[in-house]
Amino acid sequence: MINPADSSTDFSAPSMNEGLAHVVAVEGNVVWLEPEQTGSCGGCAASGSCGAKGIGTMASRLEYRRFKIDNEANLFVGERVVIGIPDNALIKAAITAYAIPLATLLLAGALAQWRFGNDLATMAAMVTGLLVGLGFSRVGAGRLLTQGDLAPRFLRRARPGEVCNQP
Amino acid sequence: MKEYVLLMVSAALVNNVILARFLGLCSFMGVTTRVDAATGMGMATTFVITISSMADWAVQTFLLEPYSLGYLRTVTFILVIAAAVQFTEMTVKKVSPPLFQMLGIYLPLITTNCAVLGVALLLVEGRMSFISSTLFAFASSIGYSLVMVMFAGLRERLALVDVPRLFAGPPIGFIVASLLALAFMGFSGMSTS
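Line order of the protein sequences matches chains P and F.
Following the numbering used here, the numbering of the first sequence begins with 57 at its first residue and continues without gaps.
Following the numbering used here, the numbering of the second sequence begins with 170 at its first residue and continues without gaps.
Structure, rendered in structure tokens:
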């Protein structure tokens with residue numbers, strides 16, 4: 057029996073996490089892109105009827121998430137494109153944004169509980185630990201940005217009707 | 170110390186949020202198509218559950234209990250969770266705008282994640298101290314993240330195999346999820362002696 061994975065999967069290719077965006081402005085050699093809203097199902101084209109966008113959150117307002125890339129592909133306003141970030145970038149970003157502050161928060165809380173054994177002191181220590189962790193996150197994010205790990209890359213123009221996670 | 174370890178093991182494995190309590194199933198099925206996406210969602214949810222449970226404990230202890238406002242608990246906790254998500258969004262945006270652009274997609278999904286509210290209500294029922302409730306919330310969300318990443322890994326492998334057409338897509342996903350739940354039932358017989 058032939059395993060379809062043997063013939064159709066190229067494991068040597070660099071793996072990218074893909075997403076869809078459309079061009080909202082062109083400024084010289086730079087284009088501004090707005091990511092398409094994805095629901096939990098990843099069905100961008102059906103986003104109009106999706107109820108899982110969040111209620112009143114900043115990230116649910118797409119204009120807050122606009123970003124720019126170099127216009128090497130001569131893109132025009134209104135075009136849909138596929139953008140990508142390296143697979144590991146998302147995990148590195150999540151560790152920087154969430155795991156570091158959480159680790160310092162818990163560490164500070166554990167130390168305060170061991171030292172004072174009081175709920176209020178533990179609470180104050182956790183808030184302090186969170187703030188310190190956010191400072192570390194800022195430094196880590198700056199380092200990732202310098203290395204270029206957080207920059208989305210243009211992959212190709214989207215096919216008509218293309219949605220996320222489509223093979 | 171031992172009681173904290175037992176509390177965390179119980180929250181993460183024995184009473185797993187997804188596979189034992191059946192909370193957060195929408196993100197469990199929806200955001201587990203790729204391991205990295207599941208990891209990002211898991212970490213964001215862990216952060217929000219821990220922060221919001223701390224705030225919920227404070228609201229419960231210093232406001233709802235002393236003034237006998239227990240009937241407002243669910244509504245208040247929903248507000249606290251929404252505020253925690255907003256706080257996380259604003260903080261990540263302030264710390265690093267590129268990080269916000271990359272991770273922002275997961276935050277709106279957390280607002281509508283019932284696991285966050287479920288954990289907050291469970292820790293109130295447990296009448297725990299502040300440190301215990303924080304560790305319970307943290308361990309519960311670690312259990313959530315663990316199952317998300319495991320299931321995403323399984324689904325990535327499933328995408329490569331020749332599944333009969335009748336079962337392709339969500340049906341085989343549900344079958345795998347049920348097998349995973351059965352496997353986690355094995356933790357329920359654990360003994361400390």
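No residue lacks a Cβ here, since even glycine has one placed at the ideal position from N, Cα and C.
All of these numbers come straight from a predicted model, not from anything done at the bench.
Residue i to residue j span [Cα, whole Å]
| i | j | result |
| --- | --- | --- |
| F/LEU182 | P/LYS124 | 43 Å |
| F/GLY347 | F/ARG324 | Before going on, a small fix: residue 347 of chain F reads as Ser here, not Gly. Looking at the two C-alpha atoms, the distance is approximately 13 Å. |
| P/LEU89 | P/ASN127 | 11 Å |
| F/LEU304 | P/GLY189 | 18 Å |
| F/ASN282 | F/VAL345 | 22 Å |
| F/PRO340 | P/PRO216 | 28 Å |
| F/ASN230 | F/SER301 | A small correction: the amino acid at residue 230 of chain F is Thr; Asn does not occupy that position in the sequence shown. Taking the straight line joining both Cα atoms gives about 14 Å. |
| F/VAL330 | P/PHE210 | 30 Å |
| F/ILE250 | F/LYS263 | 20 Å |
| F/PHE356 | F/GLY295 | 21 Å |
| P/ASP62 | P/GLY185 | Here P/ASP62 scores only 42 on pLDDT, less than 50, and its place in the model should not be relied on; the value that follows carries that caveat. If I take the Cα positions, the gap works out to 49 Å. |
| P/PHE192 | P/ASP205 | 18 Å |
| P/THR152 | F/PHE299 | 26 Å |
| P/MET72 | P/VAL80 | 23 Å |
| F/ILE247 | F/VAL217 | 13 Å |
| F/PHE353 | F/ALA337 | 24 Å |
| F/SER221 | F/ARG334 | 43 Å |
| P/SER96 | F/MET317 | The predicted model places P/SER96 with a pLDDT of 45, which falls under 50 and marks its position as unreliable; any figure quoted below should be read in that light. Cα to Cα, the separation comes out at about 13 Å. |
| P/VAL82 | F/MET259 | 28 Å |
| F/GLU234 | F/ALA227 | 10 Å |
| F/LEU315 | F/GLY358 | 20 Å |
| P/SER105 | F/GLU172 | In this prediction, P/SER105 scores a pLDDT of 47, lower than 50, which makes its location untrustworthy; the coordinate-derived value is nonetheless stated afterwards. Taking the straight line from one Cα to the other gives about 47 Å. |
| P/LEU187 | P/ASN130 | 43 Å |
| F/VAL178 | P/LEU161 | 20 Å |
| F/MET297 | P/ASP175 | 11 Å |
| F/ARG242 | F/PHE256 | 21 Å |
| P/ARG212 | F/LEU232 | 54 Å |
| P/THR202 | F/LEU292 | 42 Å |
| P/GLY107 | F/VAL261 | Caution applies to P/GLY107, whose pLDDT of 48 falls short of 50 and renders its modelled position unreliable; the value that the coordinates give is listed next. Cα to Cα, the separation comes out at about 24 Å. |
| F/ASP225 | F/TYR236 | 15 Å |
| F/THR245 | P/TRP170 | 31 Å |
| F/LEU349 | F/PHE191 | 12 Å |
| P/LEU163 | P/GLY173 | 14 Å |
| P/ARG199 | F/GLY239 | 46 Å |
Span of the alpha helix (DSSP H) around residue i
| i | result |
| --- | --- |
| P/ILE151 | That residue, P/ILE151, is in no alpha helix (DSSP H); it is neither H nor E in DSSP. |
| F/GLY358 | Segment: none, F/GLY358 is in no alpha helix (DSSP H) and carries neither H nor E. |
| P/ARG215 | No alpha helix (DSSP H) holds P/ARG215; DSSP gives it neither H nor E. |
| F/ALA227 | 204–228 |
| P/LEU89 | Element bounds for P/LEU89: not the alpha helix (DSSP H) but the beta strand (DSSP E), 86–91. |
| P/PHE224 | Only positions 57 to 223 of chain P appear in this structure, which leaves residue 224 of chain P out of reach. |
Whether residue i touches residue j by CB criterion (8 Å)
| i | j | result |
| --- | --- | --- |
| P/GLU92 | P/VAL138 | no |
| P/HIS78 | P/GLY140 | no |
| P/ALA168 | P/ALA159 | no |
| F/ALA321 | F/ALA189 | no |
| F/GLY312 | F/MET198 | no |
| F/VAL204 | F/GLY193 | no |
| F/ALA284 | F/ALA180 | no |
| F/LEU268 | P/ALA149 | yes |
| F/MET212 | P/ALA155 | yes |
| P/ARG136 | P/ALA214 | yes |
Pick from the options that is closest to residue i, judged by C-alpha positions
| i | options | result |
| --- | --- | --- |
| P/ALA145 | F/PHE231, F/ALA252, F/ALA337 and F/GLN270 | F/GLN270 |
| F/VAL200 | F/VAL332, F/LEU349 and F/MET319 | F/MET319 |
| F/ALA289 | F/LEU351, F/MET223, F/ARG203 and F/VAL316 | F/MET223 |
| F/THR202 | F/VAL178, F/ALA284 and F/ALA328 | F/ALA328 |
| P/VAL86 | P/LEU76, P/ARG212, P/PHE132 and P/ARG121 | P/PHE132 |
| F/MET210 | F/PHE353, F/ASN184, F/ALA253 and F/SER310 | F/SER310 |
| F/THR214 | F/LEU248, F/MET170 and F/LEU286 | F/LEU286 |
| P/GLY165 | P/PRO157, P/THR178, P/ASN174 and P/VAL195 | P/THR178 |
| F/PRO266 | P/ARG194, P/GLN203, P/ALA81 and P/GLY173 | P/ARG194 |
| F/VAL254 | F/LEU272, F/GLY239, F/MET359 and F/ARG242 | F/LEU272 |
| F/ALA306 | F/SER196, F/PHE191 and F/THR219 | F/THR219 |
| P/VAL183 | P/ASP143, P/LEU76, P/PRO157 and P/ILE147 | P/PRO157 |
Residue i - containing beta strand (DSSP E), residue span
| i | result |
| --- | --- |
| F/LEU335 | Run containing F/LEU335: none; DSSP gives neither H nor E here. |
| P/PHE123 | 123–126 |
| P/VAL80 | 72–83 |
| P/VAL138 | 136–142 |
| said: In chain order, what are the residue ranges of uninterrupted beta strand (DSSP E) at least 3 long that sit wholly in the region 251–300 of chain F? | reply: none
| task | Tell me the start and end of each unbroken alpha helix (DSSP H) in the region 172–201 of chain F that is at least 4 residues and wholly inside, in chain order. | result | 194–199
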